[in-house]
Amino acid sequence: MNTSNESVAIEGLLQAQWRLATNRDLDERQKIDAMLALAANYLQADSAWIIAIDELEKIGIHHKFERHPSATAEPSEDWIRILNGQITDSPNTPWLTGIITLETGQSTVSYIAAPLWLDKSRFGLLCFTSNTQQLFPPLVCGFVDLLAAGFSQILLQIHQQQALQDLALTDALTGLPNRRAAEIRLNEEIARAEREHDVMTLSICDLDRFKLINDHYGHKTGDNVLKWAARTLQQQMRDGDWIARWGGEEFLIFLHHADSDQAHHAIDRLRLIYQQTPFVRGNGTLELTMSVGMASVRAEKIDLARLLADADSALYEAKNAGRNRVVLHQSGQRATLWHGGEIQNALKNNRIIPAFQPIVDLQTGLPVAEEALARLTNNHGAPTPAADFIAAAEGLQLIHLIDDTIAHQTMKHCVMNQNSNANPEFAHFINLSPQFLSRPEMVRSLLNGVKQHCTMCDMPINGIKPLVFEITERQFINDFDQLTRQIQPLIDMGFRLALDDFGSGYSSFLYLAKLPISFLKIEGWMVNNMHGNTKILDIIQAIIEISRKQNIITIAENIEDAETAELLTKMGVNWGQGYYYGRPECIALP
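Convert by adding 5 to the 1-based position in the sequence shown; the result is the number in the numbering used here.
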């Protein structure tokens, strides 16, 4: 190529490079790939390379760029290292050209190399090679130097974009991937697991009593605990596993190629290490624990929202069972059927409605009360039984909203009954969970609603209010004195209390001793299994005798046939409830 032809070629190449560099349809990496290929063709080079040099002076083909299609082999690291050593950081040697003999096969190539700069530091080399064994001419060398300067600018843009992206996806306090980054990576993991038919297991870890640490020692100590926890857990990650800060004091851990048993073992090991590694604060230490909820799935189509809800539900179980433990979500749990979004949508669109089940006097067979049971209706109005979503609502801290909805609708139903000249002493049972009772503002709202809408409750006939509030004995109460304070406004206003599921939970007789119970509901499993079982019959009889002495009305649940009803009547149970007397019935309310 003579000088005139070289000038024309270079001028045409510069114009083509400019068009590529300003092409908005290409990103920076695509521009560099295209410009490398174009330059190699114009320069009649066999190979075009961008050689990256990291902080440890390790050299290799930069992973972000493909080699030129005409290249037959990667360049030898030995001669690239030689070139790198000859090109100094001085602007007096902007480029280097020559001929070198490769040790492999004793072949000879000509080369031209120019430095690439990234924020005033040498990032690597732009290198063209040719088997012609002729030196690249000076005009071409000047062009390569110009091309290297342009590439350096584009590489700087890539570096800045990557830095901004890393900042947006990194938790500033712990340095871990943040929730957004975790969600992006989880979707990538789902695609891989579905493609490879692999198991997918994730865990949500919650630092126990973190709020107490913040309140007692201050937010600075709380931040230090979070950073220490992140380091402690990250140091124990297996190859391929990863951890992210999920929010607040929660961390998400993803385990690769681990079934539920393997994952449970690995996460419980993490929990023990966390517990046994004291956090140093000043001259003392804090012994910390964490609770973990896990979920695992292997399926052709993985629902990430459901998997996260399952892990969150298991975490709730771990916290509720006493903390400092790992709970694996079981596929048979009811919580798998519903997640928070579905329940919240139903609440927002008034699709949580009451279904009323009759309660009868066993001596007369006449209805004396009814219980309001929650139902979730689909978009076509078909109801879903409570068992299919109540457990999930409890785990997701939504049950208090359901209680509030059912309570206010039952008030309306109570008013309708009273206006129709029904039995003024007919009772309407409403379930209130500990989550509801622990919120004083909701209790106040309930009482205000009673005063505004239920005149029969505000001015009861014969001193008896038609609304009865049930508290379940199944749910664990951490502080019984606190529960008593929370429920006291209802007692002060004269409402009667019913104790549900008696005999199934933790503190049956403590409830009787501490609270003014008016109704006691005998647990359904005892009713179902009492026939021919003298132990259960003796327990039921003892409950009846205690209730009689305390002037408490007993109600047997789950009565499904005449034989059971007759036996309970003979034993002295006052009232009964079950399919034998009627199924729950949804009633349209204004």
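Each residue gets a CB set at the ideal place from its N, CA and C atoms; glycine is no exception.
Computed from a predicted structure; not experimentally measured.
Considering only C-alpha positions, which residue in the set Ala-234, Asp-150, His-334, Gln-165 is nearest to Leu-181? Position 176 of the sequence shown, counted from the start, is the residue given in the question as residue 181. Of all alpha-carbon atoms in Ala-234, Asp-150, His-334, Gln-165, the one lying nearest the alpha-carbon of Leu-181 is that of Ala-234.
Can you give the Cα-Cα distance for Glu-376 and Thr-539, rounded to whole angstroms? In the sequence shown, counting from the first residue as 1, residue 376 sits at position 371. In the sequence shown, counting from the first residue as 1, residue 539 sits at position 534. The straight-line gap from Cα to Cα measures roughly 30 Å.
CB contact flag (Arg-250, Leu-231, <9 Å): To locate residue 250, count along the sequence shown from 1; it is residue 245. To locate residue 231, count along the sequence shown from 1; it is residue 226. The answer is yes: Cβ separation under 9 Å.
If I measure Cβ to Cβ from His-418 and keep anything under 8 Å in the same chain, skipping five residues before and after, which residues do I get? Counting from one through the sequence shown, the residue named residue 418 turns up at place 413. Once the five neighbours on either side are set aside, the close Cβ partners of His-418 are Pro-359, Phe-361, Ala-377, His-433, Ile-592, Leu-594.
Do you know whose CA, among Gln-241, Asp-308, Gln-582, lies nearest Gly-529's CA? If you number the sequence shown from 1, residue 529 lands on position 524. Nearest option by C-alpha distance: Gln-582.
Mapping the DSSP letters down to three states, classify Gly-581 as helix, strand or coil. Counting from one through the sequence shown, the residue named residue 581 turns up at place 576. Strand.
Nearest neighbour of Arg-328, chosen from Arg-243, Asp-213, Ile-248 [CA to CA]: The sequence position of residue 328 within the sequence shown is 323, counting from 1. Per the C-alpha coordinates, the member of Arg-243, Asp-213, Ile-248 positioned closest to Arg-328 is Asp-213.
Using only CA atoms, which one of Ile-527, Gly-537, Gln-491 lies nearest to Leu-520? Translated into the one-based positions of the sequence shown, residue 520 becomes position 515. It is Gln-491.
Indicate whether Phe-259 and Leu-207 have their beta-carbon atoms separated by less than 9 Å. Here residue 259 refers to the residue found at position 254 of the sequence shown. Here residue 207 refers to the residue found at position 202 of the sequence shown. Closer than 9 Å, so yes.
Touch test, the region 311-327 against the region 268-282, Cβ-Cβ under 8 Å, three pairs minimum: Under the three-pair Cβ rule at 8 Å, the region 311-327 does not count as touching the region 268-282.
Any 3 or more C-beta pairs closer than 8 Å across the region 141-154 and the region 214-221: Touching, no, given that fewer than three Cβ pairs across the two stretches are closer than 8 Å.
Boundaries of the beta strand (DSSP E) in which Ser-296 is found, first to last residue: Along the sequence shown, read from residue 1 onward, the residue named residue 296 stands at position 291. 295-302 is the extent of the beta strand (DSSP E) around Ser-296.
Please name the residue, chosen from Asp-176, Gly-227, Ala-412, Thr-389, that lies closest to Leu-257 on a Cα-to-Cα basis. The count along the sequence shown starts at 1 and reaches residue 257 at position 252. Measuring from the Cα of Leu-257, the nearest candidate turns out to be Asp-176.
So for Lys-540, helix, strand or coil by DSSP? Working through the sequence shown from its first residue, we reach residue 540 at position 535. Lys-540 sits in a helix when the DSSP states are folded into three classes.
Local conformation of Gly-155 per DSSP, three classes: Within the sequence shown, numbered from 1, the residue matching residue 155 stands at position 150. Note: Gly-155 maps to helix in three-state DSSP.
Ends of the beta strand (DSSP E) at Arg-501? For this step, residue 501 is matched to residue 496 along the sequence shown. It spans 501-507 - the beta strand (DSSP E) in which Arg-501 sits, taken as one unbroken run.
CA nearest to the CA of Pro-439, picked from Leu-517, Asp-486, Gly-252: The residue you call residue 439 lines up with position 434 of the sequence shown. The residue with the shortest Cα to Cα distance from Pro-439 is Asp-486.
With 16 as the cutoff for other CB atoms within 10 Å, does Tyr-584 come out buried or exposed? By 1-based counting over the sequence shown, the position of residue 584 is 579. Exposed: under 16 other Cβ atoms inside 10 Å.
Using the Cα positions of Lys-227 and Gln-555, report the straight-line distance between them to the nearest angstrom. For the purposes of this step, residue 227 is identified with residue 222 of the sequence shown, where counting begins at 1. For the purposes of this step, residue 555 is identified with residue 550 of the sequence shown, where counting begins at 1. According to the sequence shown, residue 227 is Gly rather than Lys. Approximately 50 Å between the Cα atoms of the pair.
First and last residue of the beta strand (DSSP E) that includes Ile-357? As a first step, residue 357 must be located in the sequence shown, where it is residue number 352. DSSP places Ile-357 inside the beta strand (DSSP E), whose first and last residues are 357-366.
Which whole-angstrom value describes the C-beta separation of Ile-357 and Ala-379, a residue pair presumed to lie in contact below a C-beta threshold of 8 Å? Looking up residue 357 in the sequence shown gives position 352. Looking up residue 379 in the sequence shown gives position 374. Their Cβ separation, rounded to whole angstroms, is 6 Å, which keeps Ile-357 and Ala-379 in contact under 8 Å.
Per DSSP, what kind of secondary structure is Thr-237 in: helix, strand or coil? In the sequence shown, counting from the first residue as 1, residue 237 sits at position 232. Residue state, collapsed to three classes: helix.
Measure the alpha-carbon distance for Met-576 versus Leu-472 and round it to whole angstroms. For the purposes of this step, residue 576 is taken as the residue at position 571 of the sequence shown. For the purposes of this step, residue 472 is taken as the residue at position 467 of the sequence shown. For Met-576 and Leu-472, the distance between alpha carbons rounds to 27 Å.
Take Tyr-116 as the anchor and find which of Lys-125, Ser-135, Ser-126, Leu-131 has the nearest alpha-carbon. For the purposes of this step, residue 116 is taken as the residue at position 111 of the sequence shown. Comparing Cα positions, the closest option is Ser-135.
Helix, strand or coil at Asp-211 [DSSP, three-state]: Against the sequence shown, residue 211 aligns to sequence position 206. Strand at Asp-211.
Reducing DSSP to helix, strand and coil, say where Ser-265 ends up. Residue 265 sits at position 260 when you count from the first residue of the sequence shown. Helix at Ser-265.
If you draw a straight line from the alpha carbon of Ile-404 to that of Leu-442, how long is it in whole angstroms? For this step, residue 404 is matched to residue 399 along the sequence shown. For this step, residue 442 is matched to residue 437 along the sequence shown. So the two alpha carbons sit approximately 11 Å from each other.
Could you check whether Val-532 and Asn-579 sit closer than 9 Å to each other, using their CB atoms as the reference points? Start at 1 with the first residue of the sequence shown, and residue 579 comes out as number 574. Start at 1 with the first residue of the sequence shown, and residue 532 comes out as number 527. The Cβ atoms of Asn-579 and Val-532 lie no closer than 9 Å to each other.
Does the beta-carbon of Tyr-516 have 16 or more other beta-carbons within 10 angstroms, so that it is buried, or is it exposed? Position 511 of the sequence shown holds residue 516. Its Cβ being crowded by 16 or more others within 10 Å, Tyr-516 is buried.
Could you check where the alpha helix (DSSP H) with Arg-200 kicks off and where it finishes? For the purposes of this step, residue 200 is identified with residue 195 of the sequence shown, where counting begins at 1. Unbroken alpha helix (DSSP H) run through Arg-200: 184-201.
So what does DSSP say about Tyr-605, is it helix, strand or coil? For residue 605 there is no data in the structure shown, the boundaries of the chain being 6 and 595.
Between which two residues does the beta strand (DSSP E) carrying Gly-289 extend? Residue 289 sits at position 284 when you count from the first residue of the sequence shown. Where Gly-289 is concerned, the enclosing beta strand (DSSP E) stretches over 289-291.
When you compare each of Arg-449, Met-416, Leu-488, Thr-477 to Ala-503 by their alpha carbons, which one comes out closest? Position 498 of the sequence shown, counting from 1, holds the residue named residue 503. Here the closest residue by C-alpha is Thr-477.
Taking all protein chains shown into account, decide if Pro-143 is buried (16 or more other Cβ within 10 angstroms of its Cβ) or exposed. Numbered from 1 along the sequence shown, position 138 holds the residue referred to as residue 143. With fewer than 16 other Cβ atoms within 10 Å, it is exposed.
What number of angstroms, rounded off, separates the C-alpha of Val-365 from the C-alpha of Lys-324? Within the sequence shown, the letter at position 360 stands for residue 365. Within the sequence shown, the letter at position 319 stands for residue 324. Going by the C-alpha atoms only, they are around 39 Å apart.
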